[in-house]
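Chemist: Residue numbers (our numbering): 16 to 371. Think of the CB as a built atom: it goes at the ideal place given N, C-alpha and C, for glycine as much as any other residue. Every value quoted in this text rests on a predicted model; they were computed, and no experiment measured them. The structure that follows is given in the form of structure tokens.
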Ligand code: CP3
């Protein structure tokens, strides 16, 4: 059996085929809410060391699968590895998130990036994947990922998140040609990077368009979906059997524009009513999502009720993947995470007594 055969529940769902139960995995399933993550992270000294040391990054990837009955693993890494390799130099300020030592302040800075950086700068990523694949059971697919071109540009231009990405949004009007040039350069690097991940052993690729929702309607297709489609098309041409997931955060009011997006699956945030998304997309994509991450602070009764609500809304769909609408918050109780995963399996299992 090869890793790309659709034999596990996750890949059956991505192929739109029914399975013994609904697959579930969770964005940020490897992270600070897990005591074993906090332990390895403090021993590594910094998030960046953890990320760039294949032995440690592989261990962290596998941590949530040792604890919970998850249906997929996601590579432990970050979306900001490509801008780092382009010479912007990633760093993390404690408690404040990511920042770059050399951000792009103006269009002239585009020429100063290491536009053709050597592959070796990202070698730690395929090295991590090879280690994970050696330990991960064959029936658990490994998800590789990157940020979308627009989302990476949001972090790279000016002060990024510190100014709510206002600098990138300003370029839409002050320097649209330079912004397009950056997005196309990123699309090229992202596609190459995802292809390297596939060659190293990932079974599924995911593109995080986490900040697509910042774009005004009049610019969303040109600056988010356009360059993302370039990436997705290249993956599809390279390996048609590798499914792709597009995390369309903030796309709720413009889902109909995603009907032709060349991805197998759309990840939805918690603002989108699942039933409405189904009706709007009418089967163009398998859907993934979208429990509010804050529901993990609530009671187990409420978590089970939310699981039932989602499963019911999606019961006519042969393929559906349960996930959160965004990442697991760092301070939730890991018992609740386990409860969520088990509830999805119990309530969606064909043999279940619970069945909502
Ligand atoms: O999902 C997983 O378990 C895989 C690992 C993963 C991380 N980041 C680990 C991480 C993935 C898939 C990402 C993607 C990522 N990174 C995104 C897209 C998803 C999204 O959230 O919309 C974005 C925007 C980033 C950029 C990033 N990295 C931010 C904004 C932060 C700080 C956020 C925070 O919670 O502090 C990070 C750091 C980061 N990435 C952590 C982890 C586990 C926390 C690092 C730590 O231990 O301090």
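In this structure, how does DSSP classify residue 283 when only helix, strand and coil are distinguished?
Modeler: Note: residue 283 maps to coil in three-state DSSP.
Chemist: Buried or exposed: residue 298, going by 16 or more other Cβ atoms within 10 Å of its Cβ?
Modeler: Counting Cβ neighbours within 10 Å, residue 298 comes out exposed, since fewer than 16 surround it.
Chemist: How is residue 122 classed by DSSP in three states: helix, strand or coil?
Modeler: It is helical.
Chemist: Pull up the distance between the alpha-carbon of residue 189 and that of residue 270, whole angstroms please.
Modeler: Whole-angstrom Cα-Cα distance: 28 Å.
Chemist: Quick check: what's the CA-CA separation for residue 263 versus residue 337?
Modeler: C-alpha separation (whole angstroms): 15 Å.
Chemist: Please indicate yes or no: does the CB of residue 117 lie closer than 7 Å to some heavy atom of ligand 1?
Modeler: Flag unset: Cβ of residue 117 not near ligand 1.
Chemist: Alpha carbons only, please: which of 339, 202, 273, 165 is nearest the one belonging to residue 295?
Modeler: That would be 273, whose Cα lies nearest to the Cα of residue 295.
Chemist: Please name the residue, chosen from 114, 108, 119, 102, that lies closest to residue 130 on a Cα-to-Cα basis.
Modeler: Comparing Cα positions, the closest option is 102.
Chemist: Check for me: the beta strand (DSSP E) holding residue 100 runs from which residue to which?
Modeler: Taken as a continuous stretch (DSSP letters only), residue 100 belongs to no beta strand (DSSP E), as it is neither H nor E.
Chemist: List the DSSP bridge partners of residue 259.
Modeler: Note: residue 259 sits in a beta bridge opposite 220.
Chemist: Which value, in whole angstroms, describes the spacing of the CA atoms of residue 117 and residue 95?
Modeler: C-alpha separation (whole angstroms): 13 Å.
Chemist: Is it the case that the Cβ atoms of residue 80 and residue 72 are separated by a distance below 8 Å?
Modeler: Going by C-beta atoms, residue 80 is not nearer than 8 Å to residue 72.
Chemist: When the distance is taken between beta carbons, is residue 302 closer than 8 Å to residue 280?
Modeler: Yes, the pair counts as a contact, with Cβ atoms nearer than the cut-off.
Chemist: State buried or exposed for residue 268, treating a residue as buried only when at least 16 other CB atoms are found within 10 Å of its CB.
Modeler: By the 10 Å Cβ count, residue 268 comes out exposed.
Chemist: Since residue 260 and residue 219 are thought to touch, with beta carbons under 8 Å apart, how far apart are those beta carbons, to the nearest angstrom?
Modeler: The pair is a contact, with the Cβ atoms about 7 Å apart (cut-off 8 Å).
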